[in-house]
Amino acid sequence: MLPFDEERVVGPGWHDRVYAAVRQVPAGRVTTYGDVATVLGSPRVARHVGFALAALADDVRPPVPWHRVINAQGRISSKGDVVRAERQRQLLAAEGVLLDDRGRVDLKRLRFDFPDA
DNA sequence: GGTTTGACCATAA
DNA sequence: CTTATGGCCAAAC
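Next up, the structure:
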């Protein structure tokens with residue numbers, strides 16, 4: 672059974688799988704690049720999770736909650752793009768995910784547990 | 001089709 | 001705590 676094959680909202684390839692996994696993350700929860708990669712079958716492709724999100728289009732449907740994906744340290748990784756990092760921080764705050772004084776999310780509490788993993 | 005790049009991760013110092 | 005290094009593999013050039 673292929674629940675996401677029906678969608679086919681974006682181009683073929685790796686990105687599609689990443690988007691499908693990220694859409695499983697409910698509001699108010701977060702996940703890490705490594706976790707998404709693990710669910711996809713390869714724990715070592717964490718970089719490509721972020722890579723896929725970087726190539727994410729705005730008119731993709733359904734929308735992909737990319738802001739719920741952070742790095743393993745509980746921090747926002749926008750690699751120099753401060754604007755995008757700030758946007759992510761606000762989107763998370765809107766869902767009740769707040770950052771502590773060190774700018775980190777409480778992964779122990781808010782990390783989403785994938786049913787497949 | 002080889003080389004570079006990258007929203008990462010784990011480990012070492 | 002921070003910075004540095006190696007590795008991983010798909011996409012872009």
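Start counting the first sequence at 672; every next residue gets the next number (our numbering).
Every residue gets a Cβ at the ideal spot worked out from N, C-alpha and C, and that includes glycine.
Keep in mind that this is a model prediction, so the values were computed, not measured.
- VAL776 and ILE741 do touch by the CB rule: their CB atoms are close to 6 Å apart, below 8 Å.
- In the assembly as shown, GLY684 is an exposed residue. Its beta-carbon has fewer than 16 other beta-carbons within 10 Å.
- Under the 10 Å beta carbon count, ALA765 is surrounded by fewer than 16 other beta carbons and is classified as exposed.
- Collapsing the DSSP output to three states places ARG780 in a helix.
- Within the region 698-733, the complete alpha helix (DSSP H) runs of at least 4 residues fall at 704-710, 717-725.
- A straight-line Cα-Cα distance of about 23 Å links ASP772 and TRP737.
- In this chain, the alpha helix (DSSP H) harbouring VAL693 covers 685-694.
- For LEU762, the closest C-alpha among the options ALA725, TYR690, GLY699 is that of GLY699.
- A direct Cα-to-Cα measurement between ILE747 and ARG755 gives close to 10 Å.
- Boundaries of the alpha helix (DSSP H) harbouring ALA765: 753-765, taken from the DSSP string.
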